[in-house]
Amino acid sequence: MLSKTVFIHDVTEGQEVYEVFVIVQAKLSQSKNGPFWDLTLQDKTGRLNAKIWSPQSNAYAQLLPEQVVRIQGQVRSFRDQPQLVVQKLEVVDPQEVGDWADFIPSSSRPPEQILSEIEGLCREHLRYPPWRKLLKAVLSDAAMRECLVNAPGAKNIHHAYRGGLVEHTLQVVRLCLAVCELYPDLDREILLVAAVLHDMGKAWELDGGISRDYTDAGRLVGHITLGVDRVMPFVARVQDLDPDLSLHLEHLLLSHHGEYSYGSPRRPKTQEAFVLHFMDNLDAKMNTLDQALTGIAPGAQGWSAYQPSLERMVYRPKKTYDLLQPERKSKTRNAKQCLLPLKE
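According to our numbering, the sequence shown is numbered sequentially starting from 32.
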């Protein structure tokens with residue numbers, strides 16, 4: 032059985048690599064020096080661009096996404112990003128893979144555990160019986176549940192790994208509940224329900240497999256419409272749900288991307304819709320920043336590589352917390368925990 036010892040997150044410029052990866056994208060292109068393969072490789076720690084230049088490229092008539100390959104090559108730098116220049120590639124029988132978890136990026140916590148935490152927050156904060164019935168029906172549905180725990184939160188930018196969808200959902204729930212502490216006139220319950228359901232369509236927009244590619248429905252319809260189409264039948268079956276609340280929930284789901292230019296069918300027109308949009312965007316941006324800064328050691332300062340989705344490089348500055356004496360660090364940590372409006 033194959034086992035990995037070198038992971039993408041750990042490779043450095045100049046390193047000689049002889050390791051197994053999964054291809055997630057493969058394109059045969061043409062340069063002035065001849066044809067070359069442009070590959071995206073993946074393991075559980077991330078993705079890495081790779082090139083097979085001419086004349087070596089002529090040895091490979093076909094390379095396909097989701098093939099397992101053993102590669103010999105050298106890591107170089109291209110536009111401040113690592114790039115693997117391949118000298119030799121061998122397609123490997125997938126049956127030889129000992130642990131597929133080595134090749135599929137996943138959330139740091141088990142997705143099932145994250146989903147259970149979401150359910151706990153729903154039980155704690157929902158008092159309106161129809162809302163409780165709705166979320167219980169959706170989250171206890173076996174098909175819905177299986178899709179949710181396996182789904183990424185996006186294809187490439189934020190939460191782009193197995194469990195990413197429920198991880199993002201939990202954070203948006205927490206953020207919405209925290210904002211309600213500051214603005215008590217908000218409808219806390221409908222915000223919680225919408226936060227749980229807002230991105231559910233991503234479970235059908237994206238393939239939860241190795242490549243995390245868009246499904247046909249994802250490309251043709253998109254996750255907002257896919258989510259509404261799956262959620263609203265559950266809403267229709269909930270007895271005693273006020274029609275105005277049902278309509279407001281549908282608006283929250285349809286408007287959470289905020290602007291037409293971001294693919295939102297409607298723009299937010301209620302206070303709760305604005306909060307959901309901003310909290311959804313906030314968590315997506317924070318996760319994008321976390322991913323961008325993963326190459327910088329904790330406690331260190333430094334710049335990330337250029338981030339196309341943010342159109343800038345981002346910086347990890349010196350933290351005040353790192354300069355505190357140990358006893359003050361302890362007091363700061365405890366104070367932060369006491370200020371949290373949500374129970375852990």
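Positions of the beta carbon are idealized from the N, C-alpha and C atoms, including for glycine.
For residue i, report the span of its alpha helix (DSSP H) as first-last.
i, result
"Val162", "Just to set this straight, residue 162 is Trp in the shown sequence, not Val. It spans 160-171 - the alpha helix (DSSP H) in which Trp162 sits, taken as one unbroken run."
"Pro142", "142-156"
"Pro274", "274-286"
"Glu212", "195-213"
"Gly77", "From DSSP, Gly77 is part of no alpha helix (DSSP H) but of the beta strand (DSSP E) over 77-83."
"Glu97", "Taken as a continuous stretch (DSSP letters only), Glu97 belongs to no alpha helix (DSSP H), as it is neither H nor E."
"Glu236", "233-236"
"Ile221", "219-228"
Tell me the rounded alpha-carbon separation between residue i and residue j.
i, j, result
"Glu375", "Gln46", "The predicted position of Glu375 is uncertain, since its pLDDT is 36 and thus under 50; a value taken from the coordinates is nonetheless stated next. Looking at the two C-alpha atoms, the distance is approximately 42 Å."
"Leu33", "Val51", "8 Å"
"Pro357", "Tyr346", "25 Å"
"Gly194", "Gly184", "8 Å"
"Leu166", "Glu148", "13 Å"
"Pro66", "Asp172", "50 Å"
"Arg110", "Pro339", "12 Å"
"Ser60", "Pro86", "13 Å"
"Glu342", "Leu115", "24 Å"
"His308", "Leu228", "13 Å"
"Leu146", "Ser335", "31 Å"
"Leu373", "Gly289", "Low local confidence applies: a pLDDT of 44 at Leu373 is under 50, so the model's placement there is unreliable, with the coordinate-based value given in what follows. If you take the alpha carbons of Leu373 and Gly289, they lie about 26 Å apart."
"Asp247", "Trp235", "9 Å"
"Asp230", "Ala90", "43 Å"
"Arg268", "Leu157", "18 Å"
"Leu72", "Ile241", "11 Å"
"Arg154", "Leu222", "14 Å"
"His199", "Thr351", "27 Å"
"Asp41", "Ile255", "36 Å"
"Gln332", "Leu324", "10 Å"
"Asp321", "His189", "9 Å"
"Arg261", "Gly232", "8 Å"
"Asp273", "His279", "10 Å"
"Pro141", "Gly77", "18 Å"
"Asn80", "Asp69", "7 Å"
"Gly294", "Lys164", "30 Å"
"Leu370", "Gln56", "Note that Leu370 has pLDDT 45, beneath the 50 cutoff, so the model's placement of it is unreliable and the number below is only indicative. The straight-line gap from Cα to Cα measures roughly 45 Å."
"Lys63", "Gly104", "22 Å"
Determine which residues share a DSSP beta bridge with residue i and list them.
i, result
"Gln302", "Its beta-bridge partners do not exist; DSSP assigns none."
"Pro296", "None, per the DSSP bridge assignment."
"Trp131", "Per DSSP, none; premise fails for Trp131."
"Arg261", "Partner(s): none; Arg261 has no beta bridge."
"Asp333", "Here residue 333 is Gly; the residue named in the question, Asp, does not match the sequence. Paired residues: Arg347."
"Lys58", "Asp69"
"Gly104", "Val48, Val117"
"Tyr245", "Leu237"
If I'm right that residue i touches residue j with Cβ under 8 Å, what's the distance once you round it to whole angstroms?
i, j, result
"Ile39", "Leu95", "Ile39 to Leu95, Cβ: 20 Å. No contact."
"Arg243", "Ala191", "6 Å"
In terms of residues, what are the limits of the beta strand (DSSP E) holding residue i?
i, result
"Leu355", "Leu355 -> no beta strand (DSSP E), and no H or E assigned at all."
"Gly65", "65-74"
"Lys119", "112-123"
Would the segment 173-182 and the segment 280-288 be scored as touching if the rule is three or more Cβ pairs under 8 Å?
Verdict: no, contact absent.
Would you say the segment 133-140 touches the segment 114-122, given that touching needs at least three Cβ pairs under 8 Å?
no
Inter-stretch contact (C-beta, 8 Å, three-pair minimum) for the segment 315-329 and the segment 204-217
The segment 315-329 is not in contact with the segment 204-217.
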